[in-house]
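Working notes for the structure below.
Protein chains in written order, with our numbering: chain A, 266 to 452; chain B, 266 to 452.
Okay, structure coming up:
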């Protein structure tokens, strides 16, 4: 199950936590460091908290649910990989969406995300500055529905804040009923 | 996690297994009976095989991925519940779809399923005779991607065979790379 990733907040890991802020609903407990465990190291049935961990959030990289073939081609042409040397900053933003969201049909969710909120179109403007990876967790029985991981260079920090601010102002975000914003630095 | 269901093949359960046939790829081991455990009895992290079980397939009832609002309204108007007194027969059909399928974008998968294969439109013709419930399992690290459970009365058995035969002849089914057909009777 090499598509599963475990985000472990605690005392170890290559990322130092600089802030944990509740945006909507409950926050996560404060921790010093974050480790991202993935691939052969994890399976959905393995939910034990690793030694030294205070919390663990799990998510699966899954098939794309909304973008069209054309949009995906546009994205792929400019999407950067994770792990760039210049990407000293990162953000882990877990969100949960409301029952009202999950009760919408596919075409209705797509309309809110793109036609009304321009989610992908907006994100595209911040590529390749901000690398992004989406993990799904609603069907794993997790407290959040999505874990999005972002990586960027210090000189792109203000662009990243702009992107996050714009997204939070969209009609799509009215359906977000829990959100935490975890910021990190690689040291 | 009341959306998770475990299908346990073994020596106990209210359903007697009348046949297990591999349609594409490997079959499942023969068993006498099937139990469907759900709701509070199950969690994605709980993967122990219950006592007396020979195999267990797990799936989550998730949000709808393809039907539009209009299609869903049409479906809801005629969809029967599970557990009808007359539904003495059932089928559990686990399928896995190929990497080629999962590599398609959302609009491409929708086009294969509905515009080319008429999956929902076709299924609608067999409502309310055939009750259906879809469980997702690809992101749980399971051997199949979907588990579909069907229930129907003996007098609708030929209608059910017709539906299954039609679906297997669609362009969508070219993407199915493993399929097992388990038939059951409630006794």
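Where is the CB? At the ideal position from N, CA and C, for every residue including glycine.
Own chain residues within Cβ distance below 8 angstroms of residue i, not counting five before or after
i	result
residue 407 (chain A)	322, 323 and 324
residue 292 (chain B)	285, 286 and 445
residue 277 (chain A)	298, 300 and 317
residue 451 (chain A)	279, 280, 281, 352, 353, 354 and 355
residue 343 (chain A)	389, 392 and 393
Limits of the alpha helix (DSSP H) - the one that residue i falls within
i	result
residue 442 (chain A)	No alpha helix (DSSP H) contains residue 442 (chain A), which is instead part of the beta strand (DSSP E) from 441 to 451.
residue 342 (chain B)	334 to 343
residue 385 (chain B)	384 to 389
Run of the beta strand (DSSP E) containing residue i, from where it starts to where it stops
i	result
residue 356 (chain B)	354 to 362
residue 423 (chain A)	Where residue 423 (chain A) is concerned, there is no enclosing beta strand (DSSP E), although the alpha helix (DSSP H) it sits in stretches over 422 to 433.
residue 217 (chain B)	This structure cannot settle anything about residue 217 (chain B), because the visible part of chain B is limited to 266 through 452.
residue 379 (chain B)	Counting along the chain, residue 379 (chain B) falls outside any beta strand (DSSP E), and DSSP gives it neither H nor E.
residue 287 (chain A)	280 to 289
residue 276 (chain A)	First-last for residue 276 (chain A): undefined, no H or E at that position.
residue 399 (chain B)	396 to 401
residue 293 (chain B)	Note, residue 293 (chain B): premise wrong, no beta strand (DSSP E); not H, not E.
residue 416 (chain B)	411 to 417
Same chain only: Cβ atoms within 6 angstroms of residue i, ignoring 5 sequence neighbours per side
i	result
residue 371 (chain B)	none
residue 448 (chain A)	283, 284 and 356
residue 491 (chain A)	Residue 491 (chain A) lies beyond the residue range present for chain A, which begins at 266 and ends at 452; the question has no answer from this structure.
residue 413 (chain A)	358 and 399
residue 327 (chain B)	401
residue 303 (chain B)	270
Close-in-space but distant-in-sequence residues of the same chain around residue i (CB under 7 angstroms, 5 per side omitted)
i	result
residue 403 (chain A)	410
residue 275 (chain A)	296, 298, 317, 318 and 319
residue 314 (chain A)	321
residue 421 (chain A)	394 and 395
residue 375 (chain A)	331
Nearest to residue i (by Cα), restricted to the options the options
i	options	result
residue 387 (chain A)	A:300, A:318, A:340 and A:359	A:340
residue 436 (chain A)	A:383, A:358, A:393 and A:400	A:383
residue 289 (chain B)	B:395, B:424, B:422 and B:363	B:363
residue 330 (chain A)	A:343, A:423 and A:385	A:385
residue 396 (chain B)	B:311, B:332 and B:425	B:425
residue 332 (chain B)	B:311, B:389, B:345 and B:315	B:389
residue 360 (chain B)	B:273, B:268 and B:433	B:433
residue 336 (chain A)	A:379, A:431, A:273 and A:423	A:379
residue 268 (chain B)	B:405, B:421 and B:423	B:405
residue 373 (chain B)	A:311, A:334 and A:345	A:334
residue 381 (chain A)	A:431, A:338, A:345 and A:423	A:431
residue 294 (chain A)	A:312, A:311 and A:273	A:273
Exercise. Do three or more CB pairs link the region 359 to 374 of chain B to the region 427 to 440 of chain B at distances below 8 angstroms?
Worked result: Cβ pair count under 8 angstroms is three or more, so yes.
For this session: Could you tell me whether the region 347 to 354 of chain B touches the region 414 to 433 of chain B, using the rule of 3 or more Cβ pairs below 8 angstroms?
Result: Touching, yes.
Exercise. Can you give, in chain order, each stretch of the beta strand (DSSP E) that sits fully within the region 295 to 330 of chain B and has at least 3 residues?
Worked result: For the region 295 to 330 of chain B, whole beta strand (DSSP E) runs of length 3 or above, ordered along the chain, are 298 to 303 and 318 to 325.
Exercise. Of the residues that make up the region 361 to 379 of chain A, which ones have a beta carbon closer than 7 angstroms to any beta carbon in chain C?
Worked result: Included in the structure are the protein chains A and B, with no chain C among them.
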